[in-house]
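Everything below concerns the one structure shown next.
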Amino acid sequence: MKIPFLLCIIFILSFVVLYWFFTRENKKDKDKDSPLALISMAMLFSVLSTLVFAFFLFVIIGSMKVVDSVFSLQIDTGQLLIVGTCYLIYWLTIDSIFSKISDYLMGDTIYSNLSISLSRAAAFYIIGIFTNLSEDINLTLSIGVALILLVIDTSYSFYSKRPKIKT
């Protein structure tokens, strides 16, 4: 019940921000759109942004559940959602900056992916400290989720470098 509530909050916040943005931009236009069109556009983009957020949240929480079940950590669902949301916020914001810097310095190589994975593990560990995870659970979860994201990043790198077959 907590995940749908979180997604509803994300939808409402994105709807309010997008409606405000569309209304402000509409005032600058000489061809004004109707309020119904503005509401429809804000609702459409809010649904899309909520779906993207939900997809990435399920990737992170799924990774956490895999680590939880493999190592029998017995993490509470509420705490899993809080930690997963914090991981996701880090992954979509600060991690993107580290990723671009690493790609610039080392190129898109396995070493770049490894350095990003190490920074993720450290950041996830710090997030675990702030969210009051126990020491062993925090270390296991931060390293496990960072390794799962490393596998995803590395497989994407190999897939994107694969030669395309022309038909």
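Each step along the sequence shown adds one to the number in the numbering used here, with nothing skipped, and position 95 is 92.
Heads up, the beta-carbon is just placed ideally off N, CA and C, and yes, glycines get one too.
Here the structure is a predicted model, which is why all the values come from computation and not from measurement.
Quick one, which of the options has its alpha-carbon nearest residue i's?
i, options, result
"G75", "F2, I162, E132 and S154", "F2"
"D92", "F68, D73, R117 and K158", "R117"
"F68", "V148, S154 and G141", "G141"
"S60", "L78, D28 and V44", "L78"
"S165", "K62, D150 and S139", "Because the chain spans -2 through 164 in this model, residue 165 falls outside it and cannot be assessed."
"I57", "G81, L4, M103 and D28", "G81"
Quick check on DSSP: helix, strand or coil for residue i?
i, result
"K27", "coil"
"Q71", "coil"
"D174", "Here the chain has residues from -2 to 164 only, and residue 174 is not among them."
Just how far apart, CA to CA, sit residue i and residue j?
i, j, result
"E132", "M40", "42 Å"
"D120", "Y87", "The amino acid at residue 120 is misidentified as Asp; the sequence shows Ala. For A120 and Y87, the distance between alpha carbons rounds to 8 Å."
"I9", "S157", "35 Å"
"S11", "I36", "12 Å"
"T20", "T106", "44 Å"
Roughly how far, in whole angstroms, is the beta-carbon of residue i from the beta-carbon of residue j, given that I think they are within contact range, below 8 Å?
i, j, result
"S112", "S99", "5 Å"
"T128", "C83", "6 Å"
Per the contact definition of three or more C-beta pairs closer than 8 Å, is the segment 133 to 142 in contact with the segment 112 to 125? Result yes; three or more Cβ-Cβ pairs closer than 8 Å.
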